[in-house]
Amino acid sequence: MLCCLWPLASPAIDNSECLDCHGDPSLTKESTDNILNMEITESLYVDEDRFNRSVHNINGITCVDCHSDIEELNYDEEVPHKKELKRVVCASCHEEAGQDFKNSVHMKMRTKGVTMTCYACHGYHYVRQMEGASVTERENSICLKCHNPYQFHQWLPSRSSHFSNVECVVCHAPDVPRHINLKIYDLVSNTYYDSNRLFKVLGIDFDQLMRTVDRNGDDVIDPAEFDNLVLLLKQKNIHPVFHAELVADISSIAHHVNRGTAQQTCQKCHSANSPYFNSVQVVFTRDDGTVDRYKVDRAVLETYYVNHFYLLGGTRMKLMDRIGLLILAGGACAVGLHLTARILTIPLRKKNEEETS
Amino acid sequence: MRSESIDNRLRLHQGAAAKGDTGQPGQVPGNRGEAAMAHEGMIYIHPAPVRVWHWINAFGFVLLILTGFQIRYAELLHLMPLRDAISLHNYVGFAVIADYFLWLVYYIGSGRIRIYIPDLRQVVTMALKQAVYYGYGYFIGRPNPHKMTPDDKFNAMQQQAYLVIMLLLLPAQMVTGVLLWKIKGYSEYINLLGGIKVVDTIHVLLFFFFTAFLMIHCYLATLGHTPLAHFKAMFTGYEEEH
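Structure, rendered in structure tokens:
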């Protein structure tokens, strides 16, 4: 919708005109840092390549859509637009996020004199499409800029495992919808398998995957269909390892981070009926950063294909429960049968004992 | 310890000879003292380090099994909060590992580890005899084909079972337990073994095995000449000769 509406409202200043100057890495201005209260040299450079990959550019948002107080460029001046531009208000587009941010500890910091801006966490010119991003990419680009999780969470067993497989807001914004992202991991290069390379090897287009894999046409890859997908990859000499991560949906509710409301009840995740694993998706990232997501049956998490992700109790293999029950029943039966025979044969033993004595 | 047990047997036989009874161990002469009197007709089977190891291990196993069930079935069991169950499971796990090394050092250091090694020439025959005893002979009152002595403590079935348990299954359970304790830190070793699910499968299958083993072990311990005889012996160290 933004793509359709914004061009009508914006003046015809092309990004390339802005980048004529701002594409120069040496472009700077002298400024005052409000927090440090000192003179600083601020870079005005915009990396065109990175900007082109940003979620805003992908969605057709131009420079002047955000810097809307630039109405025309006057090249007769040293600086062809106003020297001091208005602060960009993200919430004028991201209204819902702006509202949700109000209910957060980061907004409440203002009472202590600290103002958190949107771009302090998200950045501005290079905001990426995060749907396909890993937990590490998500955390590094946002929460870990300020927070060191190891300073807290002393109560949490296996802290490093949680930090590397669960995104912060999954627990810290308890209302946020969440899902499991499954990605193909290449153990040889220790990186996620590049989706383009993968589809090239498979000889199909992104859009053809579900037609190839989802044989019953219910739009969900069930364990049998997952078997076929793995077989398909193996036939092309790819031996996939599926990495799973518990991440939040890209939703404005993720801003609902408040003191004392984080999820600390282990059983919420670590139980077989936990709702945290109801939504499982396999994710493929296209060249332009957009992602294709396909629904996967949560039973796939219990298989050995997702061999590097195991949540105590939460994604336990039901087959193990059945085998375990058999082992315990075997032990109990052996004891029970022997004990019964032992009780029933008491008279026999007494008789034999008397005869012997 | 070995010399202590042999001395004790000698003492018992001396007592029997003094009484003029060549078939059964007899009363220890009066000047032997109270302690000797208390162990008349008995044989010192379980030295103190073995008893200490055994009961720490037993107590540890019970706690590990209870917390193990709580951890795996958090939605069904509510014995304690999951976080506490995990912490307790970890602490007790390390206590059991330390206890295992007490067992290992004692048995290897004293050379008594050989009581776990079956005689390959006889093991099949003896194990069959023992199985026939448990499955038939016991019920009709036949004597146990294996006579327990300090140097031949286990029957052929026990020898095989305990050898596999102590040298293969328990170490496997300890190693997989330690790997699962620090998944991220040991991720390279976990990957070498095929991934966390493979490690977890080994740990869980052994968990079920040890739980079933504990049931059978406790039951078989009641098959002494009285139901509590073997339990008492594991506290006092002395088994009655029969």
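Protein sequences appear in the order of chains S and A.
Just add 233 to wherever you are in the first sequence, counting from 1, and you've got the working numbering.
Just add 481 to wherever you are in the second sequence, counting from 1, and you've got the working numbering.
Cβ coordinates follow ideal geometry from the N, Cα and C atoms, glycine included.
Kindly list, in the order they appear in chain A, the residues whose Cβ is closer than 9 Å to that of residue 561/S. Position 328 of the first sequence, counted from the first residue, corresponds to residue 561/S. Within 9 Å Cβ-Cβ: 689, 692, 693 and 696.
Where are the alpha helix (DSSP H) runs, 4 residues long or more, that stay fully inside the stretch 389-457 of chain S, in chain order? Runs of the alpha helix (DSSP H) lying entirely within the stretch 389-457 of chain S and spanning at least 4 residues, in chain order: 392-398, 401-405, 428-435 and 442-446.
Using the C-alpha atoms, what's the distance from residue 522/A back to residue 510/A? As a working mapping, residue 510/A is identified with position 29 in the second sequence. As a working mapping, residue 522/A is identified with position 41 in the second sequence. Because residue 510/A carries a pLDDT of 37, less than 50, the predicted location of this residue cannot be relied on, and the following value inherits that uncertainty. Their backbone Cα atoms lie some 12 Å apart in a straight line.
Can you list the residues of chain S that residue 628/A reaches, using a CB-CB cut of under 7 Å? Working through the second sequence from its first residue, we reach residue 628/A at position 147. Simply none; closest approach about 18 Å.
Does any CB atom of chain S fall closer than 9 Å to the CB of residue 682/A? If you number the second sequence from 1, residue 682/A lands on position 201. Chain S, which has a Cβ nearer than 9 Å to the Cβ of residue 682/A, makes this yes.
Exposed unless 16 or more other CB atoms sit within 10 angstroms - verdict on residue 302/S: In the first sequence, the residue the question calls residue 302/S occupies position 69. Classified as exposed, residue 302/S has fewer than 16 neighbouring CB atoms from the shown chains inside 10 Å of its CB.
What is the rounded straight-line gap between the Cα of residue 637/A and the Cα of residue 645/A? Here residue 637/A refers to the residue found at position 156 of the second sequence. Here residue 645/A refers to the residue found at position 164 of the second sequence. Roughly 13 Å separates the two Cα atoms.
What does a CB cutoff of less than 7 Å around residue 313/S pick up in its chain, not counting 5 residues either side in sequence? Within the first sequence, residue 313/S is the residue found at index 80, counting from 1. Cβ neighbours of residue 313/S beyond the five flanking positions: 306 and 307.
Thinking just about the alpha-carbon of each residue, which of 721/A, 684/A, 664/A and 702/A is nearest to the one in residue 545/A? For the purposes of this step, residue 545/A is identified with residue 64 of the second sequence, where counting begins at 1. If we check each option's Cα against that of residue 545/A, 684/A comes out closest.
For residue 278/S, tell me which candidate among 294/S, 321/S, 251/S and 582/S has the shortest Cα-Cα distance. For the purposes of this step, residue 278/S is taken as residue 45 along the first sequence, with counting starting at 1. Distances from the CA of residue 278/S to each of 294/S, 321/S, 251/S and 582/S were compared; the closest alpha carbon is that of 251/S.
With distance defined between alpha-carbon atoms, name the residue in 256/S, 544/S and 428/S nearest to residue 522/S. For the purposes of this step, residue 522/S is taken as residue 289 along the first sequence, with counting starting at 1. The residue with the shortest Cα to Cα distance from residue 522/S is 428/S.
Where residue 706/A and residue 554/S are concerned, what is the direct C-alpha to C-alpha distance, given to the nearest angstrom? Locating residue 706/A in the second sequence gives position 225, where the first residue counts as 1. Locating residue 554/S in the first sequence gives position 321, where the first residue counts as 1. Cα to Cα, residue 706/A sits roughly 38 Å from residue 554/S.
Using only alpha-carbon positions, find the residue among 293/S, 485/S, 295/S and 475/S that is nearest to residue 418/S. Here residue 418/S corresponds to residue number 185 of the first sequence, with the count starting at 1. Of 293/S, 485/S, 295/S and 475/S, the residue nearest in Cα terms is 475/S.
Interfacial residues, the stretch 542-570 of chain A to chain S, with Cβ spacing under 8 Å: 552, 553, 554, 555, 556, 562, 563, 564, 567 and 568
Please report the distance separating the alpha-carbon of residue 570/S from that of residue 551/A. Here the question's residue 570/S lines up with position 337 in the first sequence. Here the question's residue 551/A lines up with position 70 in the second sequence. Distance between the alpha carbons of residue 570/S and residue 551/A is about 28 Å.
Check whether the Cβ atoms of residue 550/S and residue 573/S lie closer than 9 Å to each other. To locate residue 550/S, count along the first sequence from 1; it is residue 317. To locate residue 573/S, count along the first sequence from 1; it is residue 340. Not closer than 9 Å, so no.
Simplified DSSP state of residue 477/S, which is helix, strand or coil: Working through the first sequence from its first residue, we reach residue 477/S at position 244. If DSSP states are grouped into helix, strand and coil, residue 477/S belongs with the strands.
Is DSSP giving residue 526/S helix, strand or coil here? The sequence position of residue 526/S within the first sequence is 293, counting from 1. DSSP places residue 526/S in strand when its eight states are reduced to three.
Chain A partners of residue 578/S, CB-CB under 8 Å? The residue given as residue 578/S occupies position 345 in the first sequence. Result: 620 and 621.
State yes or no: is the C-beta of residue 724/A within less than 9 Å of the C-beta of residue 530/A? Since the first and last residues shown for chain A are 482 and 723, residue 724/A lies out of range.
With 9 Å as the threshold, decide whether the Cβ of residue 700/A is near any Cβ in chain S. Along the second sequence, one-based indexing puts residue 700/A at 219. Cβ-Cβ to chain S under 9 Å: yes for residue 700/A.
How about residue 564/S: is its C-beta nearer than 9 Å to some C-beta of chain A? For this step, residue 564/S is matched to residue 331 along the first sequence. Yes, contact with chain A.
Considering only C-alpha positions, which residue in the set 580/S, 315/S, 324/S and 410/S is nearest to residue 513/S? For this step, residue 513/S is matched to residue 280 along the first sequence. Ranked by how close their Cα comes to the Cα of residue 513/S, the residues 580/S, 315/S, 324/S and 410/S have 410/S in first place.
Start and end of the beta strand (DSSP E) containing residue 639/A? For the purposes of this step, residue 639/A is identified with residue 158 of the second sequence, where counting begins at 1. From DSSP, residue 639/A is part of no beta strand (DSSP E) but of the alpha helix (DSSP H) over 637-645.
What does the Cβ neighbour count give for residue 347/S, buried or exposed, with the cut at 16 atoms within 10 Å? In the first sequence, the residue the question calls residue 347/S occupies position 114. The residue is exposed, with fewer than 16 neighbouring Cβ atoms inside 10 Å.
Assuming residue 425/S contacts residue 677/A under a Cβ cut-off of 8 Å, what Cβ separation, rounded to an integer in Å, is found between them? Here the question's residue 425/S lines up with position 192 in the first sequence. Here the question's residue 677/A lines up with position 196 in the second sequence. The Cβ separation is near 18 Å, so there is no contact.
Is the beta carbon of residue 495/S closer than 9 Å to that of residue 333/S? Taking the first residue of the first sequence as 1, we reach residue 333/S at position 100. Taking the first residue of the first sequence as 1, we reach residue 495/S at position 262. Going by C-beta atoms, residue 333/S is not nearer than 9 Å to residue 495/S.
Check each residue of the stretch 644-666 of chain A: if its Cβ is closer than 9 Å to any Cβ of chain S, include it; give the result in chain order. Under the 9 Å Cβ criterion, the stretch 644-666 of chain A contributes 661, 662, 663, 664, 665 and 666.
Unbroken beta strand (DSSP E) run spanning residue 362/S, endpoints: Within the first sequence, the letter at position 129 stands for residue 362/S. Counting along the chain, residue 362/S falls outside any beta strand (DSSP E), and DSSP gives it neither H nor E.
Mind checking which residues open and close the beta strand (DSSP E) that includes residue 271/S? Translated into positions along the first sequence, residue 271/S becomes position 38. Here the beta strand (DSSP E) through residue 271/S covers 271-276.
Are the C-beta of residue 524/A and some C-beta of chain S separated by less than 9 Å? Working through the second sequence from its first residue, we reach residue 524/A at position 43. Judged by the 9 Å Cβ criterion, residue 524/A is not in contact with chain S.
Simplified DSSP assignment, three categories, for residue 523/A: Taking the second sequence and counting its residues from 1, the one referred to as residue 523/A is at position 42. Of the three classes helix, strand and coil, the one that applies to residue 523/A here is strand, per DSSP.
Nearest by alpha-carbon distance to residue 437/S: which of 423/S, 450/S and 466/S is it? One-based indexing of the first sequence puts residue 437/S at position 204. Measuring from the Cα of residue 437/S, the nearest candidate turns out to be 466/S.
Assess contact between the stretch 336-344 of chain S and the stretch 375-390 of chain S, defined as three or more Cβ pairs (one per stretch) separated by less than 8 Å. Is contact present? no
With a 10 Å radius around its C-beta and 16 neighbouring C-beta atoms as the bar for buried, classify residue 379/S as buried or exposed. Indexing the first sequence from 1 puts residue 379/S at position 146. With fewer than 16 Cβ atoms within 10 Å of its Cβ, residue 379/S is classed as exposed.
Using a Cβ cut-off of 9 Å, pull out every chain S residue sitting near residue 713/A, in sequence order please. Here residue 713/A refers to the residue found at position 232 when the second sequence is read from its first residue. Neighbours of residue 713/A on chain S: none; closest Cβ ~20 Å, over 9 Å.
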